[in-house]
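Enquirer: A single structure is presented below for examination.
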Amino acid sequence: MNNFSQLPHRFLSRIALAAAMALAGLLSAAAASSRTEARVEALLARMTLDEKIGQMTQVDLGALKDKRHVQQYCLGSMLSG
Numbered sequence: 002m003n004n005f006s007q008l009p010h011r012f013l014s015r016i017a018l019a020a021a022m023a024l025a026g027l028l029s030a031a032a033a034s035s036r037t038e039a040r041v042e043a044l045l046a047r048m049t050l051d052e053k054i055g056q057m058t059q060v061d062l063g064a065l066k067d068k069r070h071v072q073q074y075c076l077g078s079m080l081s082g
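The numbers in the sequence shown follow the numbering used here, run straight up by one, and end at 82.
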């Protein structure tokens, strides 16, 4: 066989290799996503309603008068103003 007749075989081999690598990546990502989802659900189950509300609250840094309010209100994020 000359090099020209081997081109389709090489091309298909590379396509098959790329597809196998993509599938392996998808399966790995799905497993990681499943583990992450389980961790998130476990964390949410341990949080109080006040903690969940605080994590969803964004406070302007200029409006924050006392740093203790971050812990008191379970603040999840602050805007820089």
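For glycine and all other residues, C-beta sits at the position ideal for the given N, C-alpha and C.
Hey, would you say LEU62 sits closer than 7 Å to SER81, going by beta carbons?
Expert: Yes, these two residues count as a Cβ contact at 7 Å.
Enquirer: Contact defined as beta carbons within less than 8 Å: I believe GLY55 pairs with LEU76. What is the distance between those atoms, to the nearest angstrom?
Expert: Confirmed, about 5 Å.
Enquirer: From the DSSP output, read off the bridge partner residues of VAL71.
Expert: Paired residues: none, contrary to the question.
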